[in-house]
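Engineer:
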Amino acid sequence: MRVIVTRPEREAGTWVQTLVERGLGAIALPLIDIRPVANPAALQAAWGGLGDYAALMFVSGVAVEHFFSSRTSSAGGSDALGAARTRFWGTGPGTAAALLRHGVAKDR
C-alpha cells in the first residue's frame, strides 16, 4: 500500500516515518503551511472581547498554541480566562490536550 501524507512539512516527516515503520510506502506532500496570523490585531481583539463569543473552536493543537501564545498581559491571565463564559471546543484529543495545557478545563 502507498500513502501520501498531506500534513504540514514540519509534521509530515514523522507521519511518513511511522507509516514506513509499519510496512507502508509513504511520501510527504505538504499541502498546507501553518504560520502565525498575518494580522495580530485580530487576535488581540479576540482576546479583548473573549466574553463576547459563545465559543471558540480549535481544529488543531497548533491552533491552540498560536492562539494562547498571542495573549498579552493586557488580555489577562488565567483569571480572565476563567471569568469569560466562552466555551472552548477542540476537534480531537490532541486539541483537547493542548487546551488543557493552557488551563482550559475539560468542561469548557
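Taking the numbering used here, I'd label the letters of the sequence shown as residues 257 to 364. Glycine residues also receive a C-beta, built at the ideal position from the N, C-alpha and C atoms.
1) Sorted by chain position, which residues of the same chain lie with C-beta nearer than 6 Å to Leu275's C-beta, five sequence neighbours on each side aside?
2) Go ahead and pull the three-state DSSP assignment for Arg278.
3) Quick check: what's the CA-CA separation for Ala301 versus Asp308?
4) Is Leu355 buried or exposed, if buried means 16 or more other CB atoms sit within 10 Å of its CB?
5) Quickly, what does DSSP pair Arg313 with across the bridge? List them, please.
6) Taking the alpha helix (DSSP H) that Gly304 belongs to, which residues open and close that run?
7) Could you check where the beta strand (DSSP E) with Val261 kicks off and where it finishes?
8) Is the Cβ-Cβ distance between Arg327 and Trp303 less than 8 Å?
9) Going by Cα to Cα distance, which pick from Leu280, Pro264 and Glu265 is closest to Met257?
Structural biologist: To lay it out plainly:
1) Val259 and Ala282
2) coil
3) 11 Å
4) buried
5) Residue 313 is actually Met in this sequence, not Arg. BP columns for Met313 point to Trp345.
6) Pro296 to Gly304
7) Arg258 to Val261
8) yes
9) Leu280
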